[in-house]
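Colleague: First residue of the sequence shown? That's 5 in this note's numbering, and the numbers climb one at a time after it.
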Amino acid sequence: MARNHWTLDDIPWDRLAPAEVDHDLLAVIKAAALVEYNADSYATYLGKVFAEDPSFQAMAREWAAEEVQHGLALGRWAARVDPSFNFEVAVDRFRGTYRLPEGSGNASIRGSCSGELVARCMVETGTSSFYSAVAEATREPVLRLICQRIAADEYRHYKLFLTYMKPYLLRDRVGWFQRAWVGIGRVLETQDDELACAYHAANGGGEPYHRLRASQAYERRAFRLYRRHHIERAVGMAMKAWGLSPQSRLAGLARRAAWWLVENRVGRLERSAA
Ligand SMILES: [Fe+2]
Ligand SMILES: [Fe+2]
5 MARNHWTLDD IPWDRLAPAE VDHDLLAVIK AAALVEYNAD SYATYLGKVF
55 AEDPSFQAMA REWAAEEVQH GLALGRWAAR VDPSFNFEVA VDRFRGTYRL
105 PEGSGNASIR GSCSGELVAR CMVETGTSSF YSAVAEATRE PVLRLICQRI
155 AADEYRHYKL FLTYMKPYLL RDRVGWFQRA WVGIGRVLET QDDELACAYH
205 AANGGGEPYH RLRASQAYER RAFRLYRRHH IERAVGMAMK AWGLSPQSRL
255 AGLARRAAWW LVENRVGRLE RSAA
């Protein structure tokens, strides 16, 4: 795995411009920091699923270290903008509420190693698009720079999981339909507990956790960051992970449908908040 090319010391913290920070975006970034930082727990799970693949295990450890660094960079940024934000306390609160889903024994919760890798590709597609969207949406120069670097890392992670997937696909004999099924399932899960929990842990104060409320509060602030090109690019990456051509008519249809779904969701979230 190509090594991480940046550290927290490469970020020009002295250029921070808190007056340019949108508070809704700050809340979203705090949640993202917690999810990123939690990647080392996921690496432990991946280590069990790929117990017979030392090369993958070594790669997954480096991958997790990069994700943890994403969490640290975003957490530090958020704490400098909002000194009342205590990253360590928020991490503890998040870990106290959220449990990663676990399979039985060493099995993948996606049914196979191929399924696991499709799910990883979907997550990296999502994060790569999300940080690209944030980098373009924010006027705050330090966050823009951090998100540009993170988005580049996420795209590299996507390509890496895609490369590791190929031999497993041959072994597991998983066709495009199954890959798409797992992939869409993973996208739907994004609306599930993890981000909602992280959003609550970072922003909820002393209030009790309410999954739907936290999930909607997160999505209302996050979904409106996306522009059409982010969603279209994400669909192309997903199609490739499913073994379908991003240039096909099906892909064209999927791009239009995905953008319609995002716009629709943003509209509904705005109306329910009004
Ligand atoms: Fe990340
Ligand atoms: Fe990543």
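Don't be surprised by glycine CBs; every beta carbon is placed ideally from N, CA and C.
From a predicted model like this one, the values you see are computed outputs, not experimental measurements.
1. So, do the stretch 62–70 and the stretch 13–32 have three or more beta carbon pairs nearer to each other than 8 angstroms?
2. Based on Cα-Cα distance, which residue from A245, L38, P145, E267 lies nearest to P16?
3. Taking all protein chains shown into account, decide if V127 is buried (16 or more other Cβ within 10 angstroms of its Cβ) or exposed.
4. I think E223 touches R269, with their Cβ atoms under 8 angstroms apart; what is that distance to the nearest whole Å?
5. Using beta-carbon positions only, say whether Y203 and K52 come within less than 9 angstroms of one another.
6. So, Y168 versus L121, is the Cβ gap smaller than 9 angstroms?
7. Note down, in chain order, each residue of its chain lying with its Cβ closer than 7 angstroms to the Cβ of H248, except the 5 sequence neighbours on either side.
8. Below 8 angstroms, can you find three or more Cβ-Cβ pairs linking the stretch 36–50 to the stretch 209–216?
9. Got a sec? Which residues, its chain only, sit under 6 angstroms from A64 by beta carbon, not counting five neighbours each side?
10. Under the rule that 16 or more other beta-carbon atoms within 10 Å means buried, what is E40, buried or exposed?
11. CB of H27 to nearest heavy atom of ligand 1: below 8 angstroms?
12. Taking 9 angstroms as the cut-off, decide whether the C-beta atoms of H161 and R124 are in contact.
13. Which of the three DSSP states is assigned to H9 in this structure?
Modeller: Let's see:
1. no
2. P145
3. buried
4. The Cβ separation is near 7 angstroms, so the contact holds.
5. no
6. yes
7. For the record, residue 248 in the displayed sequence is Leu; it is not His. Contacts found: W180, L254, A255.
8. Not touching, per the Cβ criterion.
9. These residues qualify, in order along the chain: A47, L50.
10. With 16 or more Cβ atoms within 10 Å of its Cβ, E40 is classed as buried.
11. no
12. Yes. Within cutoff.
13. coil
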